[in-house]
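The number in the numbering used here is simply the position in the sequence shown, starting from 1, with 57 added.
Working notes for the structure below.
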Amino acid sequence: MIGVIIEEKDKDVVRELFELFKTPWEFFCRDNKYDVVISMTGESSGVNAELVIIYGSSYRDFDRKIGLVAASSGIQAVLCYRKKRIPIYRGFSTFENSERVVIRAENTSQAVGIEVINNKSRIIRIGVDLIEEIRFLLSIGQPVEYATITTLEYHISIIRDLIVGSGIPLIEIPPVPPGFDCIACCTHDVDFVGLRFHKIDRTVLGFCYRATLLSLWSFLRGRLALKKLLKNLLAAMSLPLIFFGLARDFFNQFEQYLQIEKNLRSTFFVIPYKKINGLTPAKGNASGRAARYDVNDIQQEVESLLAKGCEIGLHAIDAWRDSEKAEDEKERIKRITGRNVAGVRVHWLYYDEQSPKLLEKAGFCYDSTYGYNECVGFRGGTTQVFRPFGVKKLLELPLNIQDTALYYSKRMGLTQNRGVHAVEDMLAQIRDIGGVLTVNWHQRSLGPERLWDDSYRHVVKMIENDAIWSSTAYHVVEWFAQRRSVEFNQVDSGRRGKITVTCKRNTTVPGLLLRSFNYSPNGREAQRDIPFSDYLTIGES
């Protein structure tokens, strides 16, 4: 059992940390015995445990007592731990007088994590304010330059490694269902559904430019195949026929998605009202943000998607900043689908620290806005669904990959081959540590002039792997909610006594597994997965 010393104001952060690192813990009580004590305040007097981890970027009483020389070294840095790069955003300290270095600052010999010699306990002092790091990651998020680093997961891995490396048994509910390496979630923002809704406007003129002159330029530079150049030129020539209803409108790709995804169940986020720009974060008019369609215009397509097991969510306009508008936009979608709308992703990914509270008040189960427009990656530094601070039930399904981030020239500007490799790299990361890959391929992206259909087929082929569980956003969130429902309770005294493990089982999603870590007699780490039932009692190893 882990005991955590924390100030009252920071308890919500610690609770969320241990929903992500799902292992037995409790707030520190002096009357109880612990294998591990983690102090977030620097307090360690009277603590008796095999392993004590002391966090803090400022000078602590512990440092003063043992004569440890610490120096504040700034706000941002990158740490090195077991060949991992870990960005630090809220300040750190280095230590000068130690030969037992656990963590270093990148490109220097400065120690940020050290081991202190003690007869009774193994003490690790880490000069990082872990509470503020987690608060920053899950509310503001990482800057673009560190987007592909799973920073929060690395913080968890440090704690896990220190515990197991001290010879202390550890049990954990990993963020992956039994028999799978990870989870995948295919989603589609529906910003456009047909050229016929636009006539001769900015969207159509922009399409004509990109399908002709820009496509020709891309072909001459070797970035576009001749076959795709001809498709784009033919599409531009067919515009009059589309407007008169004599040719297929290639901005509508719903059926194509159903054919590509086959047995995969994906989520489509649809616009509630047409011709409404909404407000920017600066409360100005978001010019150019309005859609030319709304959910009423695609009722037939919505019914077809629902019949195939897909999910319909809200692609919100102003729900992120006004709970009454959130309720209204939600009801607008519900009137067409006849079903409750569980999830939301805000158009253009508008989001601030108040958004989760407003969306929860409107009755949403989850949001999937937390991500990047300009790149791919892990804004929160985690591969997992998490609960934003200040809400009770709403969960956040982070957005990892957008097609427009990969391929737009003013964003990452990748070729389709390089874009597929970027997805492969991220999926490999997640398969290594568990969690979910959330992909957003916009509804119109399969057709001209984007023609990102080949790369999406590659993405789907990766996800259709037997070792990856995929489902709608709602069911992915439900699986994480099931994992979050797990409770550990120590049922007898002593550090390594029996622990009961209980869970609110959800039969509509896969189950859970319990993973144990031990050191075997030969000194090597041994990992074992245990089938999870609704009620388990784990005895001393």
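We treat Cβ as the ideally placed atom computed from N, Cα and C, and that holds for glycine.
This structure is a prediction, so every number in the text was calculated from the model and none was measured.
query = Buried or exposed: where does residue 584 fall if 16 or more other Cβ atoms within 10 Å of its Cβ makes it buried?
reply = exposed
inquiry  = Starting from residue 265, trace the beta strand (DSSP E) in both directions and tell me its first and last residue.
reply    = Where residue 265 is concerned, there is no enclosing beta strand (DSSP E), although the alpha helix (DSSP H) it sits in stretches over 259-266.
task = Kindly indicate the opening and closing residues of the alpha helix (DSSP H) around residue 222.
result = 208-222
inquiry  = Given this structure, state the Cα-to-Cα distance separating residue 244 from residue 514, to the nearest angstrom.
reply    = 14 Å
ask   = By DSSP, does residue 246 sit in helix, in strand, or in coil?
value = strand
ask   = Rounded to a whole number of angstroms, what is the C-alpha to C-alpha distance between residue 137 and residue 414?
value = 36 Å
inquiry  = Which residues does DSSP list as the beta-bridge partners of residue 372?
reply    = 402
message = My output table needs one value for residue 380: the three-state DSSP class, helix, strand or coil.
response = helix
ask   = Below 9 Å between beta carbons: does that hold for residue 495 and residue 241?
value = yes
task = Tell me, to the nearest whole angstrom, how far the beta carbon of residue 560 is from that of residue 573; I am working on the premise that it is less than 8 Å.
result = Rounded, the Cβ-Cβ distance is 17 Å, inconsistent with contact.
key: With 16 other Cβ atoms within 10 Å as the buried cut-off, status of residue 454   = buried
Delimiting residues of the beta strand (DSSP E) encompassing residue 112 = 108-112
key: Buried or exposed (CB count within 10 angstroms, at least 16 for buried), residue 303   = exposed
query = Mind checking residue 387: buried by the 16 CB within 10 Å criterion, or exposed?
reply = buried
request  = Please determine, among 448, 65, 305, the residue with the shortest C-alpha to C-alpha distance to residue 252.
outcome  = 305
message = Quick check on residue 588: buried or exposed, where buried means 16 or more other Cβ atoms within 10 Å of its Cβ?
response = exposed
task = Could you tell me which of 145, 218, 409, 258 sits nearest to residue 207, measuring between CA atoms?
result = 145
query = Considering only the beta carbon of each residue, do residue 367 and residue 564 sit closer than 9 Å?
reply = no
task = Enumerate in chain order the residues of its own chain whose CB-to-CB distance from residue 356 is below 6 Å, with the five nearest sequence positions on each side excluded.
result = 393
Unbroken beta strand (DSSP E) run spanning residue 546, endpoints = 544-547
ask   = Among 491, 445, 457, which has the Cα closest to the Cα of residue 72?
value = 445
query = Going by Cα to Cα distance, which pick from 405, 293, 271 is closest to residue 328?
reply = 405
key: Supposed close pair residue 250, residue 459 - CB separation, criterion 8 Å   = At roughly 18 Å, the Cβ-Cβ gap does not stay under 8 Å, so residue 250 and residue 459 are not in contact.
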